[in-house]
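Sequential numbering from 851 applies to the sequence shown in my numbering.
What follows is one structure encoded as structure tokens, with my remarks underneath.
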Amino acid sequence: MSQPSFHQTAAGRRIAYHRLGGQGGGVVFLGGFRSDMEGTKAQHLAAWAKARRAPFLRFDYSGHGASSGAFLDGAISDWADDACEAISALTEGPQILVGSSMGGWISLLVAQAMPEKVAGIIGIAAAPDFTEDMWAAFDAEQRAQLLREGVVNLPSDYSDEPYAITRRLIEDGRNSLVLQSPLPLTVPVRFLQGTADTDVPVSVALRLLEHATGPDIRLTLVKGADHRFSTPDCLDLVAQTLEELLG
């Protein structure tokens, strides 16, 4: 595995990234909450881009993977800023953003902040406003603990270790909500969603589809696919969708 390069942000965060050169439209992968750029989807798209000779960027948000910072210190606005800075500094021209889970939310924030850099969006089990959904799902004891101690631990379906949710994550997320105000998307948008996803249920995808406005927005449901969306068929669908948008 090759060593990443690093980009220093205006806030002093050191963002790890891998970048492939190429011809034609570029692609940027935006990972999920607690994920990194070495995951299955990111690696699959890197191999796809290399074979197609397409420009491709993948990176780790601060507090994730090989980037600087502690995960618990970060929040949505930090990671959206990381994405905007990485895309501005490390890509040329408009990009197709492929956002997985939280990365789907981040991609929508990037499209709002710098529309001139976005040629299209693919959301894989996109999780817009998930921090507010977390808060709504907390019971009274969890809410009290979060407000009192600044952190609450939740069980994880992907690890034996619980994962911590900070008060800052919840409160900062409220400054970045995209489902509480108009969400115009003028570029082609493709949402890919598994029907067996227990982390981001189909209802979230349907709400996002209904809320967003634009001339070319589509939702594809894959029966039986879970939140990972990493089976060979799911990965092929992501690549096929990219091919369509790059056309």
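Idealized CB from N, CA, C, for every residue including glycine.
Being a predicted model, the structure only gives us computed values, none of them experimental.
| message | Quick check for students: name the residue ranges of the alpha helix (DSSP H) that lie wholly in the region 905-955, counting only runs of 4 or more. | response | 926-940
| From 892, 986, 870, residue whose alpha carbon lies closest to that of residue 942 | 870
| said: For residue 930 and residue 969, I'd like the C-alpha separation in whole angstroms. | reply: 18 angstroms
| When 971, 876, 902 are compared against residue 1040, the one with the closest alpha-carbon | 971
| task | Flag this pair as yes or no: are the beta carbons of residue 952 and residue 875 separated by less than 8 angstroms? | result | no
| field | For residue 1004 and residue 849, the rounded distance between their alpha carbons | value | Beyond the ends of the chain as shown, which are 851 and 1097, falls residue 849; an answer cannot be given.
| request: Measure the CB-CB distance between residue 1007 and residue 927 and report whether it falls below 8 angstroms. | output: no
| query | To the nearest angstrom, how far is it from the Cα of residue 868 to the Cα of residue 958? | reply | 22 angstroms
| message | Per the DSSP calculation, residue 866 is bridged to which residue(s)? | response | 856
| Continuous beta strand (DSSP E) stretch holding residue 1090: start and end | Segment 1082-1096 is the alpha helix (DSSP H) holding residue 1090; no beta strand (DSSP E) there.
| query | With burial defined as no fewer than 16 other Cβ atoms inside 10 Å of the residue's Cβ, what is the status of residue 915: buried or exposed? | reply | buried
| query | What is the DSSP secondary structure of residue 1023, reduced to helix, strand or coil? | reply | helix
| message | Within 10 Å of its beta-carbon, does residue 1063 have 16 or more other beta-carbons around it, so buried, or fewer, so exposed? | response | exposed
| request: May I have the straight-line CA-CA distance separating residue 1084 from residue 852, to the nearest angstrom? | output: 26 angstroms
| message | Given this structure, state the Cα-to-Cα distance separating residue 976 from residue 983, to the nearest angstrom. | response | 13 angstroms
| request: State the CB to CB distance for the pair residue 988 and residue 955, rounded to an integer number of angstroms; the pair is presumed to be in contact (CB under 8 angstroms). | output: About 19 angstroms separates the two Cβ atoms, so there is no contact after all.
| request: Note down the Cα distance separating residue 897 from residue 917, rounded to an integer number of angstroms. | output: 22 angstroms
| Residue span of the alpha helix (DSSP H) that contains residue 998, given as start and end | 990-999
| Relative to the alpha-carbon of residue 1089, which residue among 861, 923, 902, 1069 has its alpha-carbon at the smallest distance? | 902
| request: Within its chain, find whatever has a CB closer than 7 angstroms to the CB of residue 854; leave out the 5 residues flanking it on each side and keep chain order. | output: 866, 867, 868, 916
| field | Residues that DSSP places opposite residue 980 in a beta bridge | value | Residue 980 is not bridged to any residue.
| Per-residue DSSP class, three states only, for residue 1034 | strand
| Alpha-carbon to alpha-carbon, residue 935 and residue 965 | 14 angstroms
| task | May I have the straight-line CA-CA distance separating residue 900 from residue 1036, to the nearest angstrom? | result | 28 angstroms
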